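Step one of this worksheet: look at the structure below.
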Amino acid sequence: MSFANFDAGAQKNKVRIKEADTERANSDSDLLRQTSLILSSFVEDVSMFGKLQQQLGTKRDNERLRGQIESSISKCDLQETRLRQVTSELESNSYQNDSPNVKYKENKLLNEASRILKNYQSLKIAYDEKISSIKVREAFEQNTRQANEAALEQEQHNLETETTPLISNQIQKIDDKHQSALNQAEVSYHSVLINQRSEAIQDIHTGVGEINAIFKDLGTLVQQQGQNIDTIEVNMMSHANNNQEATHELIKADNYQKKKRKWSCALLLALVIVLVLVLAIIS
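With the first letter of the sequence shown counted as 1, position 271 gets the number 271 in our numbering; the numbers rise by one all the way through.
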């Protein structure tokens, strides 16, 4: 075998190893993705189951709610089976994988899966105990109610079969007491309504008074603004009159100055003429 053939064989082995590593990496990635999706879906289903079972024994507890809880449990059980299958595959694959990054992701998913599986089991145990307690209480209440109804029917039957005046008087007294209690309750109810209406009317009066006070303040403010406007108008008219008087005085002063200049010119001309005559006489 030549060195060229040996080198070609080595290159082929490297390619095979690289292809095998790539295929295994793709397989690991697919398994991690599948596990992550199933785990995410399982977490949502368990969260919904927890919210539903918290409503047991409350005002929202009814047949529809319990049907939703049973459906939620069935869905969670199915997701639990799928999650256990993929985590088992992931654990087997973890021993064969040497990539630190892949191992870290696998361990993280396995830990999260283990935690949510334990939480789901705890929720199921709590639900079983709670629903059992509720059913026992409901059965007890139903038996008590049936016993009370039977006793009441028997008592009514006894009252109907006995016709003595004493029984009739007792029945009448009971009816009177019931009627009196009803009347008293009705009076109390109407009293409460009257008080509530009185308080509402008082609140309305108070509100009207506050609104009137606001309008009064607005009226005062408008009046003050009107007075201020009148004062400004008077001041403006006064300034206008003063300006008019000042203009008139300036015109008078200007006319006086013009007249004064005319007389000065005439006097100066007369002096010049006199001076010329004097000079002519002297010469």
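All C-beta atoms in this analysis are idealised placements derived from N, C-alpha and C, irrespective of residue type, glycine included.
For clarity, every value in this text was computed on a predicted model and none was experimentally measured.
Tell me which same chain residues have a C-beta within less than 8 Å of the C-beta of residue i, skipping the five on either side of it?
{"i": "S41", "result": "Q79"}
{"i": "M48", "result": "S72"}
{"i": "D45", "result": "S72, K75, C76, Q79"}
{"i": "L109", "result": "L32, T35, S36, L39, T87, L90"}
{"i": "I134", "result": "L56, G57, D61"}
{"i": "I201", "result": "Note that I201 has pLDDT 47, beneath the 50 cutoff, so the model's placement of it is unreliable and the number below is only indicative. For I201, where only same-chain residues beyond five positions count, there are no Cβ hits under 8 Å."}
Between which residues of its own chain and residue i is the CB-CB distance below 6 Å, once the five residues before and five after are set aside?
{"i": "Y127", "result": "Q53"}
Is it right to say residue i is buried, meaning 16 or more other beta carbons lie within 10 angstroms of its own, or is it exposed?
{"i": "T35", "result": "buried"}
{"i": "L267", "result": "exposed"}
{"i": "Y104", "result": "exposed"}
{"i": "A113", "result": "buried"}
{"i": "L152", "result": "exposed"}
{"i": "L83", "result": "buried"}
{"i": "Y256", "result": "exposed"}
{"i": "V208", "result": "For V208, the pLDDT reaches just 47, beneath the cut-off of 50, and the residue's location in the model is therefore unreliable, although a value from the coordinates is still provided. Exposed, because fewer than 16 other Cβ atoms sit within 10 Å of the Cβ of V208."}
{"i": "W263", "result": "exposed"}
Tell me which same chain residues have a C-beta within less than 7 Å of the C-beta of residue i, skipping the five on either side of it?
{"i": "D61", "result": "Q55"}
{"i": "I131", "result": "L56"}
{"i": "L65", "result": "L52, Q55"}
{"i": "T247", "result": "none"}
Our contact map puts residue i next to residue j with C-beta atoms below 8 Å; I'd like the distance itself, whole angstroms only.
{"i": "G50", "j": "L117", "result": "With 8 Å as the limit, G50 and L117 do not qualify as a contact, their Cβ atoms being about 14 Å apart."}
Step through the CB atoms of chain B and report whether any lies within less than 7 Å of the CB of residue i.
{"i": "F49", "result": "Absence of chain B from the displayed structure is noted, only one protein chain being present."}
Just checking residue i against the ligand ZN - is the residue's beta carbon closer than 6 Å to any of the ligand's heavy atoms?
{"i": "A266", "result": "Ligands are entirely absent from the displayed structure, and the ligand ZN is therefore not among its contents."}
Practice item. Only counting runs of 4 or more residues, tell me where the alpha helix (DSSP H) segments fall wholly within the region 46 to 83, in order along the chain. Key: none
**Study point:** Whole alpha helix (DSSP H) elements within the region 111 to 147, 4-residue minimum
**Key:** none
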